[in-house]
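> Residue numbers (the numbering used here), protein chains in the order written: chain A, 11 to 180; chain B, 5 to 182; chain C, 2 to 313; chain D, 6 to 398. Ideal Cβ placement from N, Cα and C applies to all residues, glycine included. These figures come from a predicted structure and were not determined experimentally.
Structure (structure tokens):
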């Protein structure tokens, strides 16, 4: 019962920013917000001592094409900020397009977020504004710039080289 | 006469060198992307139940002091440079033992984007020890195989340690409980 | 045993040189075996240190980039020579010392310090960070244990009224074991010896978990072997000194073996009983506790002698 | 050295470093012996499993995820299995849940003993290291008898477990638990009374409660600082609903507290294992589960030996997951290292690192599994793969 109380209080804190929300599980609450509001949302959670940041998950939603190869829906990246308070989990979800994957950094509010932020920068190509450290954390030093292994379009480094060669041949 | 005695002495010196090499393999351990399983088992060989010091095997930290490189893991791109550097820092003669399925073929990680997969693609390997992870007994057996081939005077031909070492400890324990 | 041998033979064969090296290797084996037994392991075979040394000698020696080459090669030799020379003044194995004069105690002690000094220089000579930190630690440690160790050995010397190791030996043989008369001095001497030899728990100069192998990280092959031998020789000499000073001296080989073995057991037990001290803790221990206790005991001895003379 | 010209240099610890049997690069900027700055570089064990996983189904992923880490393989599998079961709407039988907890607690014992030995080794206390590892072999034997493997137990399958325990084994485990309890008492004495050891742990690396909360520390690191974070208690999962555990808390937050917390957790594990062996109900150990998992997202949290393990699994209705995100406990605790390290001595660093019980393989796992829509594609060999890609172009 405590869990439900936690979720309700969390929802109350965040009420004014919620664009849409859902409860996929009894101990979870998913909240979609716009990218501009992220900082104020996190700030209000931190100020109200609602749980702690578990991690930031990145999701890749590739572009959808119709039969004639026309883009119906542009590719998007989604960042999921999981906050946990005992058993209750609030997930703050932010969607940004490939063309402008910019999200405010929350490192000044939660210093430990830097590792998660570096992770999503490397693996998904998010652009986190004002994040203190953008050095490589996980990928090898020799990794090519602009290649994000966790995007659906990436298959393999060797394939990458092949397609590059093909492009230059064309 | 003179050359004969010289030959005799070189022979003796060579025999002595070989004997020393067999009886004092100093080992350096390098993890190039392993899941820790193999590393723990390598560490376990030092501990009282297995105690490799009785064979003269010593785990040391500096590659400059080492004779044998024990490498685990599927060789990640990031660890690649270091692995080669460690191998190059070791003074001759040096040997390499690959421990675990990952170092043999990539194991479950074969085909991952940041993994090379086979230790032999990077540095020459002398002994392979399969298993995920191999038991400490298997690791000791692998090192002993290397030493045996040194005794015979050949650089070890690619020798693969069978992974069917009986679980005598367990059987003993359960039987003892009856 | 007052044969007039050529000094070079004395240095290279007996009591220095070959004999000491072999004894040193045996000591190393005993040390490792005892520690292994304390850790409930089987431990190495008896020829292990010998095999290690031969193997190291036969191995390629890599001279890293950016070092002073002559220094790099000379330092191990200097270290070993220092230790071997020190052995000339010590009545090894129950025989009389090869050389002796009034004050040879001081000379041999400082010959022993050559080892640490060489290790320190070797560390500073190579460009690796680990070696530099190892060198700093080795020298720091040397400065801290040297004084208490000397004070601890000074006690018996004052009691015997001589600076000659041979005479102290005779004095110790004729009187009550000094371990009973000066227990504090004995403890400081044993612990000081462990500090000198960088045995655990005073092994922070070569703490493998922090700085790989300390000052010797970059040494391979011959250089490493020579340093190893030098350390072993130092172990022999150090133990012999303590036996001479505190355990009633050595009159014959059997006494030497028995007493050394006994002392060895204590040292090995101490090694396996403690966690490594940080370098600052080591220094603190020595200066705050070691030096002070050593001084106190020295004062007590001087006072005792003074009192004894008055009474007489 | 003249004043103001203090030389600073960086001492890298790792990636190839004897203190850490696993790679990971820490750069400590040192002024003399004092650490003035700390930075971390991971990625030496970054295997990027996800791409090879594109054609792997849930069952195959289970075995892959076990190999994220060789120390806590069971909890990884448990977290994944629990998540997938939730997605599929399947509940594992009670006996299976109990066996999962049993294996998890055995793993905790093995992991804590391992950590204790390694930490002692970092402290230069090799005798203690040898003793703990000798005793650890007892647990390894149990695990091997239980599952057939010393490291990767593969206890879990989707929908249950694949091993069962019998009376003989249960008696053996009980006997061994008594033995280990006795040994742990001894270690407790060493940790709390041995002067040289206390010199290396007491008052070192103190992490205050507020800092721990802010930095998001988890597991024993957080609990040693008085933060009540233990998923087994906060959000009981699997068999922990039936077999509750007590949370072990300490207030001081220094290295000694972390030692004490972990050792006390060992007692708790011994107790729990005995309770489970007493009360375990006979019954099935596995239920059927469909190959295709319904579409959905699930979050699964379990308490690994090192702290909270977090799984996010997204399914798209096929045999393969769309995305699996793993957040391992060690990653959370990194922040505390860089925070606490400054001002300590270089000699304390290995102990500090050991204090959080780091697991590099865990951090670098990035086992982010996604699936493309071509399950028939064989991706294992380079040539075939290139052929396949070109074919589909």
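Looking at the unbroken beta strand (DSSP E) that takes in residue 102 (chain B), where does it start and where does it end?
Working through the second chain from its first residue, we reach residue 102 (chain B) at position 98. Where residue 102 (chain B) is concerned, the enclosing beta strand (DSSP E) stretches over 99-103.
> State yes or no: is the beta carbon of residue 230 (chain C) nearer than 8 Å to at least one beta carbon in chain B?
Translated into the one-based positions of the third chain, residue 230 (chain C) becomes position 229. For residue 230 (chain C), the answer is no, since every Cβ of chain B falls outside 8 Å of its Cβ.
> As an exercise, report each continuous beta strand (DSSP E) stretch of at least 3 residues that is fully enclosed by the stretch 70-149 of chain D, in chain order.
With a minimum length of 3 residues, no continuous beta strand (DSSP E) run stays inside the stretch 70-149 of chain D.
> Please compile the residues from chain A whose C-beta is within a distance smaller than 7 Å of the C-beta of residue 112 (chain D).
Sequence index remark: in the fourth chain, residue 112 (chain D) carries index 107 (1-based). The contacting residues do not exist; residue 112 (chain D) stays about 22 Å from chain A at best.
> Which residue marks the beginning of the alpha helix (DSSP H) containing residue 69 (chain B), and which one marks its end?
Mapped onto the second chain, residue 69 (chain B) falls at position 65. No alpha helix (DSSP H) contains residue 69 (chain B), which DSSP labels as neither H nor E.
> From what residue to what residue does the alpha helix (DSSP H) around residue 162 (chain A) run?
In the first chain, counting from the first residue as 1, residue 162 (chain A) sits at position 152. Element bounds for residue 162 (chain A): n/a, residue is neither H nor E.
> Flag this pair as yes or no: are the beta carbons of residue 14 (chain B) and residue 43 (chain B) separated by less than 8 Å?
To locate residue 14 (chain B), count along the second chain from 1; it is residue 10. To locate residue 43 (chain B), count along the second chain from 1; it is residue 39. Between residue 14 (chain B) and residue 43 (chain B), the C-beta gap is not smaller than 8 Å, which leaves the two residues out of contact.
> List the endpoints of the continuous beta strand (DSSP E) containing residue 94 (chain A).
Here residue 94 (chain A) refers to the residue found at position 84 when the first chain is read from its first residue. It spans 86-95 - the beta strand (DSSP E) in which residue 94 (chain A) sits, taken as one unbroken run.
> Which residues, in chain order, does the stretch 33-57 of chain C contribute to contact with chain D at a C-beta distance below 7 Å?
39, 40, 41 and 42
> Got a sec: is the Cβ-Cβ distance from residue 191 (chain B) to anything in chain C below 8 Å?
For residue 191 (chain B) there is no data in the structure shown, the boundaries of chain B being 5 and 182.
> Express the C-alpha separation of residue 88 (chain A) and residue 161 (chain A) in angstroms, rounding to a whole number.
Numbered from its first residue, the first chain carries residue 161 (chain A) at position 151. Numbered from its first residue, the first chain carries residue 88 (chain A) at position 78. Each residue's Cα considered, the two are about 11 Å apart.
> Is the stretch 152-160 of chain A in contact with the stretch 239-255 of chain D, if contact means three or more CB pairs nearer than 8 Å?
no
> Taking 8 Å as the CB-CB limit, is residue 294 (chain C) close to chain D?
Along the third chain, one-based indexing puts residue 294 (chain C) at 293. Chain D, which has no Cβ nearer than 8 Å to the Cβ of residue 294 (chain C), makes this no.
> To the nearest angstrom, report how far apart residue 376 (chain D) and residue 107 (chain D) are at their CA atoms.
Taking the first residue of the fourth chain as 1, we reach residue 376 (chain D) at position 371. Taking the first residue of the fourth chain as 1, we reach residue 107 (chain D) at position 102. At residue 376 (chain D), the pLDDT of 34 sits below 50, so the modelled position is not reliable; the number obtained from the coordinates is stated separately. So the two alpha carbons sit approximately 33 Å from each other.
> Report the CB separation of residue 162 (chain D) from residue 105 (chain D) in whole angstroms; it is logged as a contact under 8 Å.
Indexing the fourth chain from 1 puts residue 162 (chain D) at position 157. Indexing the fourth chain from 1 puts residue 105 (chain D) at position 100. Actually they are not in contact, since the Cβ atoms of residue 162 (chain D) and residue 105 (chain D) sit about 11 Å apart, beyond 8 Å.
> Tell me residue 34 (chain B)'s beta-bridge partners as DSSP assigns them.
Numbered from its first residue, the second chain carries residue 34 (chain B) at position 30. In the DSSP assignment, the residues bridged to residue 34 (chain B) are B:75.
> Could you say if the stretch 73-84 of chain A and the stretch 212-222 of chain D meet the contact criterion of at least three C-beta pairs nearer than 8 Å?
In short, these stretches do not touch, since the Cβ pair count stays below three.
> So with CB distances below 9 Å, who are the chain C contacts of residue 24 (chain B)?
Residue mapping note: residue 24 (chain B) aligns to position 20 of the second chain, counting from 1. In chain order, 51, 52, 53, 54, 55, 56, 57, 58 and 59 make up the part of chain C whose C-beta sits under 9 Å from the C-beta of residue 24 (chain B).
> Taking only runs of the beta strand (DSSP E) that begin and end inside the stretch 290-361 of chain D, which ones reach a length of at least 3 residues, in chain order?
301-309, 312-320 and 326-332
> Which class does residue 162 (chain D) belong to by DSSP, given the choice of helix, strand or coil?
Translated into positions along the fourth chain, residue 162 (chain D) becomes position 157. Residue state for residue 162 (chain D) is assigned as strand, using DSSP reduced to three classes.
> Would you say residue 63 (chain D) reaches chain B, if we count a Cβ-Cβ gap shorter than 8 Å as a contact?
Here residue 63 (chain D) refers to the residue found at position 58 when the fourth chain is read from its first residue. Not an interface residue.
> With a 10 Å radius around its C-beta and 16 neighbouring C-beta atoms as the bar for buried, classify residue 311 (chain D) as buried or exposed.
Locating residue 311 (chain D) in the fourth chain gives position 306, counting from the first residue. Buried.
> Starting from residue 68 (chain A), trace the beta strand (DSSP E) in both directions and tell me its first and last residue.
Indexing the first chain from 1 puts residue 68 (chain A) at position 58. Element bounds for residue 68 (chain A): 62-71.
> In terms of residue numbering, what span does the beta strand (DSSP E) encompassing residue 108 (chain A) cover?
If you number the first chain from 1, residue 108 (chain A) lands on position 98. Careful: residue 108 (chain A) lies outside any beta strand (DSSP E) and carries neither H nor E.
> Is there at least one Cβ from chain B nearer than 8 Å to residue 150 (chain A)'s Cβ?
For the purposes of this step, residue 150 (chain A) is identified with residue 140 of the first chain, where counting begins at 1. Yes, residue 150 (chain A) counts as interfacial toward chain B.
> Residue 52 (chain B) versus chain D: which residues are under 9 Å apart at the beta carbon?
Counting from one through the second chain, the residue named residue 52 (chain B) turns up at place 48. Neighbours of residue 52 (chain B) on chain D, chain order: 135, 136, 138, 139 and 142.
> How would you label residue 320 (chain D), buried or exposed, when you count the other beta carbons within 10 angstroms and need 16 or more for buried?
Sequence index remark: in the fourth chain, residue 320 (chain D) carries index 315 (1-based). Classification for residue 320 (chain D): buried.
> Three or more C-beta pairs under 8 Å: does that hold for the stretch 83-100 of chain B against the stretch 48-55 of chain B?
no
> In this structure, how does DSSP classify residue 15 (chain B) when only helix, strand and coil are distinguished?
Position 11 of the second chain holds residue 15 (chain B). Of the three classes helix, strand and coil, the one that applies to residue 15 (chain B) here is helix, per DSSP.
> For residue 141 (chain D) versus residue 119 (chain D), is the C-beta distance shorter than 8 Å?
Within the fourth chain, numbered from 1, the residue matching residue 141 (chain D) stands at position 136. Within the fourth chain, numbered from 1, the residue matching residue 119 (chain D) stands at position 114. Their beta carbons are under 8 Å apart, which means residue 141 (chain D) touches residue 119 (chain D) by this criterion.
> Reducing DSSP to helix, strand and coil, say where residue 98 (chain A) ends up.
On the first chain, residue 98 (chain A) is found 88 positions in, with the first residue counted as 1. Three-state DSSP puts residue 98 (chain A) in a strand.
> Out of C:200, C:167 and C:311, which has the shortest C-alpha to C-alpha gap to residue 103 (chain C)?
The residue labelled residue 103 (chain C) in the question sits at position 102 within the third chain. Of the candidates C:200, C:167 and C:311, the one whose C-alpha sits nearest the C-alpha of residue 103 (chain C) is C:167.
> Between residue 118 (chain B) and chain C, is there a C-beta pair that is closer than 8 Å?
Reading the second chain from its first residue, position 114 is the one you call residue 118 (chain B). It does not; no Cβ of chain C falls within 8 Å.
> How far does the beta strand (DSSP E) with residue 132 (chain B) in it reach, from first residue to last?
Taking the first residue of the second chain as position 1, residue 132 (chain B) is located at position 128. Looking at the DSSP string, the run of the beta strand (DSSP E) that includes residue 132 (chain B) is 131-133.
> Report buried or exposed for residue 302 (chain C), applying the criterion of at least 16 other Cβ atoms within 10 angstroms of its Cβ.
Walking along the third chain from the start, residue 302 (chain C) turns up at place 301. Counting Cβ neighbours within 10 Å, residue 302 (chain C) comes out buried, since at least 16 surround it.
> Is the CB-CB distance between residue 71 (chain D) and residue 159 (chain D) below 8 Å?
Residue 71 (chain D) sits at position 66 when you count from the first residue of the fourth chain. Residue 159 (chain D) sits at position 154 when you count from the first residue of the fourth chain. In this structure, residue 159 (chain D) lies closer than 8 Å to residue 71 (chain D) by Cβ.
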